[in-house]
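Visitor: Residue numbering for the sequence shown follows our numbering, beginning at 58 and increasing consecutively.
Can you read through this structure? Questions will come right after.
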Amino acid sequence: MTRIGIIGAGNIGETVARLALAAGYEVVLSNSRGPGSLASLIANLGPRAAAGTPADAATADVVVLAIPLGAIPSLPADLLAGRIVVDAGNHYPDRDGAIVALSAPGATTSGLVSDHFLGARVVKGLNSIVWAHLRDLARAPGSPERSALPLATDDAAAGAEVVRFLDDLGYDAFVYGTLADSWRTERDRPAYCLPYAADPEVMRSRQAGEAVPPGAPASTERVRAAVAAAVRDDAVTPADRS
Ligand SMILES: NC(=O)c1ccc[n+]([C@@H]2O[C@H](COP(=O)([O-])OP(=O)(O)OC[C@H]3O[C@@H](n4cnc5c(N)ncnc54)[C@H](OP(=O)(O)O)[C@@H]3O)[C@@H](O)[C@H]2O)c1
Numbered sequence: 058m059t060r061i062g063i064i065g066a067g068n069i070g071e072t073v074a075r076l077a078l079a080a081g082y083e084v085v086l087s088n089s090r091g092p093g094s095l096a097s098l099i100a101n102l103g104p105r106a107a108a109g110t111p112a113d114a115a116t117a118d119v120v121v122l123a124i125p126l127g128a129i130p131s132l133p134a135d136l137l138a139g140r141i142v143v144d145a146g147n148h149y150p151d152r153d154g155a156i157v158a159l160s161a162p163g164a165t166t167s168g169l170v171s172d173h174f175l176g177a178r179v180v181k182g183l184n185s186i187v188w189a190h191l192r193d194l195a196r197a198p199g200s201p202e203r204s205a206l207p208l209a210t211d212d213a214a215a216g217a218e219v220v221r222f223l224d225d226l227g228y229d230a231f232v233y234g235t236l237a238d239s240w241r242t243e244r245d246r247p248a249y250c251l252p253y254a255a256d257p258e259v260m261r262s263r264q265a266g267e268a269v270p271p272g273a274p275a276s277t278e279r280v281r282a283a284v285a286a287a288v289r290d291d292a293v294t295p296a297d298r299s
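Encoded structure:
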């Protein structure tokens, strides 16, 4: 894999682009306003970066989806068929609006993405670390300061490919479950952004628009424990239904 497509060129999309370029990948970045609006960013990123449409980005080996959740329905349902898609999205009602489907028992944001993009090989990931920590905590393989990123997917081969990609970017990634389990790393869960903060309490009380407080490495053991500690009130298991 040498070429990454990124749909969304904001905080998270640009950060992933910079890490991927540093790791030797080619990157195609896209947004809603068209390639022309990305000219200065692309010039800054260098010759292995290109601007395109979401359809251009969708031709890459791995596609990172880094747009507001509320924008997902505006993209064509067949855009990502057959593609490995890293779904970095989170639900922020103030930004995305209320999404009725998310109030169904057991619903997840990655389930919405998977339902919308027919045939996409969705891997939930990159959603549970704030962009500045993703930028700052990347480390070479073997570094004692390496951080870990959690992934969830129904597609083991896609998960393995994304683990390799994130390893190249500077992270020890691991798959903790399926898309149905991905609520464990959604907003307000213990694994959501807090493990990477030097002071989790400062991170927890951060308001929108405030500077990102300093980050600190988070080991696989620590992130796994945070994922396992999540509790969901509305989860419906097969046993509950019987
Ligand atoms: N910020 C973080 O630290 C962080 C960390 C992890 C996950 N996330 C999640 O990642 C997603 C993106 O967050 P962000 O902070 O990077 O947002 P952002 O800075 O606001 O950037 C959003 C990007 O999405 C593009 N976009 C919006 N609608 C689009 C559409 N219909 N088609 C193509 N591109 C579209 C925007 O392009 P235009 O400007 O041209 O509209 C922009 O480039 C959100 O779900 C967020 O919760 C964010």
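For every residue, glycine included, the Cβ atom is placed at its ideal position computed from N, Cα and C.
Since this is a predicted model, take the numbers as computed values, not measurements.
(1) Could you pull the start and end residues of the beta strand (DSSP E) that L208 belongs to?
(2) Determine which residues share a DSSP beta bridge with E254 and list them.
(3) E267: which of V187, V157, P252 sits nearest, CA to CA?
(4) Considering just the uninterrupted stretch of the alpha helix (DSSP H) at E83, what are its terminal residues?
(5) Are three or more beta carbon pairs between the stretch 274-282 and the stretch 244-253 nearer than 8 angstroms?
(6) Could you check if L175 is buried or exposed, using at least 16 other CB atoms within 10 Å of its CB as the buried criterion?
(7) Run the CB neighbour count on G109, radius 10 Å, all protein chains shown included, and call it buried at 16 or more, exposed below.
(8) Reducing DSSP to helix, strand and coil, say where G109 ends up.
(9) Going by alpha carbons, who is nearest to R90 out of G62, W240, P111?
(10) Mark V157 as exposed unless 16 or more other C-beta atoms lie within 10 angstroms of its C-beta, in which case mark it buried.
(11) May I ask whether a heavy atom of ligand 1 can be found less than 6 angstroms away from the beta carbon of V121?
(12) Among S200, A123, I63, which residue has its Cα nearest to the Cα of A275?
(13) How many angstroms separate the CA atom of D290 from the CA atom of S160?
(14) Out of curiosity, what's the CA-to-CA distance linking V119 and S171?
(15) Which one or two residues does DSSP pair with Y228 in a beta bridge?
(16) Just the Cα atoms here: how many angstroms apart are W240 and N68?
(17) Taking only heavy atoms of ligand 3 into account, decide whether any of them is closer than 6 angstroms to the Cβ of A145.
(18) Would a C-beta distance cut-off of 7 angstroms place L122 and I64 closer than the cut-off?
(19) What does the alpha-carbon distance come out to for the pair Y149 and G103?
(20) How about the stretch 206-213 and the stretch 175-185: do they share at least three Cβ pairs that are nearer than 8 angstroms?
(21) At a cut-off of 6 angstroms, is A283 close to ligand 1 when judged by its beta-carbon and the heavy atoms of the ligand?
(22) State whether the stretch 253-268 contacts the stretch 224-233, with contact taken as three or more CB pairs (one from each stretch) at a distance under 8 angstroms.
(23) Please state the DSSP three-state secondary structure of T294.
(24) In terms of residues, what are the limits of the beta strand (DSSP E) holding V142?
Guide: Well, looking at it:
(1) Taking the first residue of the sequence shown as 1, we reach residue 208 at position 151. Unbroken beta strand (DSSP E) run through L208: 204-210.
(2) Counted from its first residue, the sequence shown places residue 254 at position 197. A quick correction: the sequence has Ala, not Glu, at residue 254. In the DSSP output, where bridge partners are listed per residue, A254 has G272.
(3) As a working note, residue 267 is residue 210 in the sequence shown. For the residues V187, V157, P252, the minimum Cα distance to E267 belongs to V187.
(4) Residue mapping note: residue 83 aligns to position 26 of the sequence shown, counting from 1. Note, E83: premise wrong, no alpha helix (DSSP H); beta strand (DSSP E) at 83-87.
(5) yes
(6) Here residue 175 refers to the residue found at position 118 of the sequence shown. By the 10 Å Cβ count, L175 comes out exposed.
(7) Along the sequence shown, read from residue 1 onward, the residue named residue 109 stands at position 52. Under this definition G109 is a buried residue.
(8) Position 52 of the sequence shown holds residue 109. In the structure shown, G109 sits in a strand (DSSP, three-state: E or B).
(9) Counting from 1 along the sequence shown, the entry for residue 90 is found at position 33. Looking at the Cα atoms, P111 is the closest of the given residues.
(10) On the sequence shown, residue 157 is found 100 positions in, with the first residue counted as 1. Label assigned to V157: exposed.
(11) The count along the sequence shown starts at 1 and reaches residue 121 at position 64. V121 Cβ: outside cutoff for every heavy atom of ligand 1.
(12) Within the sequence shown, the letter at position 218 stands for residue 275. Selected option, being the one with the closest Cα: S200.
(13) If you number the sequence shown from 1, residue 290 lands on position 233. If you number the sequence shown from 1, residue 160 lands on position 103. Answer to the nearest angstrom: the Cα atoms are 12 angstroms apart.
(14) For the purposes of this step, residue 119 is identified with residue 62 of the sequence shown, where counting begins at 1. For the purposes of this step, residue 171 is identified with residue 114 of the sequence shown, where counting begins at 1. Straight-line Cα distance between these residues: approximately 15 angstroms.
(15) As a first step, residue 228 is located in the sequence shown; it is residue number 171 there, counting from the start. Note: Y228 sits in a beta bridge opposite S204.
(16) Along the sequence shown, one-based indexing puts residue 240 at 183. Along the sequence shown, one-based indexing puts residue 68 at 11. Cα to Cα, W240 sits roughly 22 angstroms from N68.
(17) The model depicted lacks ligand 3 and carries ligand 1 instead.
(18) Walking along the sequence shown from the start, residue 122 turns up at place 65. Walking along the sequence shown from the start, residue 64 turns up at place 7. Going by C-beta atoms, L122 is nearer than 7 angstroms to I64.
(19) As a working mapping, residue 149 is identified with position 92 in the sequence shown. As a working mapping, residue 103 is identified with position 46 in the sequence shown. Spanning the two alpha carbons is a distance of roughly 33 angstroms.
(20) yes
(21) Indexing the sequence shown from 1 puts residue 283 at position 226. No, since every heavy atom of ligand 1 falls outside the 6 angstroms radius drawn around the Cβ of A283.
(22) no
(23) In the sequence shown, the residue the question calls residue 294 occupies position 237. Caution is warranted here: a pLDDT of 48 is assigned to T294, below 50, making its placement in the model unreliable, and no coordinate value can be reported.
(24) Counting from one through the sequence shown, the residue named residue 142 turns up at place 85. Note, V142: beta strand (DSSP E), 141-144.
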